[in-house]
Structure formats: structure tokens, C-alpha cells
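Visitor: Residue numbers (the UniProt record's numbering): 1 to 297. We put the beta carbon where it would ideally sit given N, CA and C, even for glycine. Note that the structure is a prediction, hence the values are computed from the model and not measured.
1. With H, G and I counted as helix, E and B as strand and the rest as coil, what does DSSP make of residue 211?
2. Start and end of the alpha helix (DSSP H) containing residue 69?
3. What's the gap between the Cα of residue 286 and the Cα of residue 246?
4. Straight-line CA distance for residue 239 to residue 166?
5. With DSSP as the reference, label residue 277 as helix, strand or coil.
6. With a threshold of 16 other CB atoms inside 10 Å of the CB of residue 98, please say whether the residue is buried or exposed.
7. Can you tell me the Cβ-Cβ gap for residue 269 and residue 108, rounded? I've got them flagged as a contact below 8 Å.
8. Of all the options 151, 275 and 152, which has the alpha carbon lying nearest to the alpha carbon of residue 241?
9. My output table needs one value for residue 269: the three-state DSSP class, helix, strand or coil.
10. DSSP three-state call for residue 158: helix, strand or coil?
11. Does residue 186 come within less than 7 Å of chain B when only Cβ atoms are used?
12. Is the distance from the Cβ of residue 83 to the Cβ of residue 30 below 7 Å?
13. Residue 108 by DSSP, collapsed to three states: which one?
14. Leaving out the 5 sequence neighbours to the left and right, which residues in its chain are closer than 6 Å to residue 224 when beta-carbon positions are compared?
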């Protein structure tokens, strides 16, 4: 969380001190931390299997990993995915609101003229509150999807809208769909058939498999078994948690480039060093339980 104390915009004798609190990049760094914790548990699970000179088999691994470890892993991985999406949603809201509150003093590198245009989108003059009026239309805008808001940032500044075929944009949309599927979860049920049998994949599952080749194989996520569902069981793990963090940051840097913004010290744009989603391998070599406190024998 970042808090900034500054005089309110416009700056004149009547300006008062305001306190502005930002959460978006904190969400992203929190997501990376949670992904690291999921990675640590998976690394220990795999290392224990290798020590025992066995393959990563769900039955044998299950004997070494308790319910508590599985619960922690699920909490870390799923939270990393959701926090990555929340970072995207919060960032664009902060961008608009900061332009309104700080004008040229915004922490997103936008000029005073650009900030004024975005402030009018976020909080237009209350000329008419009748249904269908422009003020009502833009009041409803604050409840629009994150994608729609990012699009509006660009078009309000007379820039081309987001290209839905661009890789960072496509990945962002898949991440938001995944977040929605987790936040509004519906029971996943499937028939456990013979080994190798695969049920029909949903649209989201097909999209995720574009990013994770062989993700549906039993040994991809050591915390699941051969007959577990692809979603959510195999999806909720370090691989997708890490991808979620990287996707969120890559999308924001894509938007930054589209805006031709040069980040300044103290700006709210994320940096690639926020993508640290694994603990150091040298730590793992010297301490096979780095990052976790195993409670199994």
C-alpha cells in the first residue's frame, strides 16, 4: 500500500492537503509473494519424491503431503491468481481517480491536459441526472469491466483502442475470465473414466491450454491426482499463479507503451522486478524445505 500526502488540485491558495492511498501495485507484489509460497510447497513435494527415487505419483506424494500443506498451497495459488486480476482492476480505477484528484500531479506520468480529459470521463459535470443522460451514462462507467475502462483511457486521449489480437491483451482477458470463474465458482463435476480419457474442455480451459502445453498431464501439478478435474484442480498451482502475475504486469506495461509514458520515480506503473514468483534455486539446493515448514514425515 502506498500513501501520498499532497495539496489538492488545482493548486491555489484554497488548496488543502489530501491523502491518496494506492493499492494496485501492492496487489501485484502480494500476488508474486503468494506465487512464491505456492512454488515452495510444490518444490518440496517434488524433491521428496525424487529423494525416494519415485516418479511424481499422486498416491505416493499424498503419503508425504498432509491436508494442511494442500490447504496452504491452494490458498497461496488461488489467491495469487485473484490478486493479479484485482491489481489490474484497481490500477485503472486509480489512474482515472488520480487524474481527477491530482491533475498534472498524478502518479501515472500523464500531462495536465491528459489528466483533465480522463477526469471528465471519471466524474463528468453533473448537468443532467435523467435516465439516459450523459452524466448517468458516465456514472455507470465506473461499474464497467476493467477491459472497457482501459479501452476508454486510450480513446479519451485520442489513441487507438486496445487491439484484442495483441498477446498481452488476449492473456489479460483470459486472466479476467479465470478470476471470474474462481470468484463466481460453479461446481465442477466429471466422470472418472479410464486412464487417458479426457472430458470436453470449456472455453476457459481451452484458452488456458494455449499458455500451458501438457498442463492436463498428471505430473504437471504435483498437488493433484491423475483423475482430478482440469479446472479448478490442475489450474490452481504455481504455474498459473506465476503466469497470472506476469500477465498482469505485461498488460500494464503494454498500456504504458501505448500511452507513450516515461515512468518517473514514484510513479505507480509496475516494473518487471515485481515478477519474482520463485525463491532462489540456490536456496532450494542448500535447504530443500526453503519457504515452507513441512509437517509430514
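Guide: Reading it off the structure:
1. coil
2. Run containing residue 69: 67–102, per the alpha helix (DSSP H) assignment.
3. Legend: pLDDT at residue 286 = 44, less than 50; position of this residue unreliable, value from coordinates given subsequently. Those two C-alpha atoms are separated by around 27 Å.
4. 22 Å
5. coil
6. buried
7. 7 Å
8. If we check each option's Cα against that of residue 241, 275 comes out closest.
9. DSSP places residue 269 in coil when its eight states are reduced to three.
10. In the displayed model, residue 158 falls within coil according to three-state DSSP, outside both helix and strand.
11. Absence of chain B from the displayed structure is noted, only one protein chain being present.
12. yes
13. coil
14. 233 and 234
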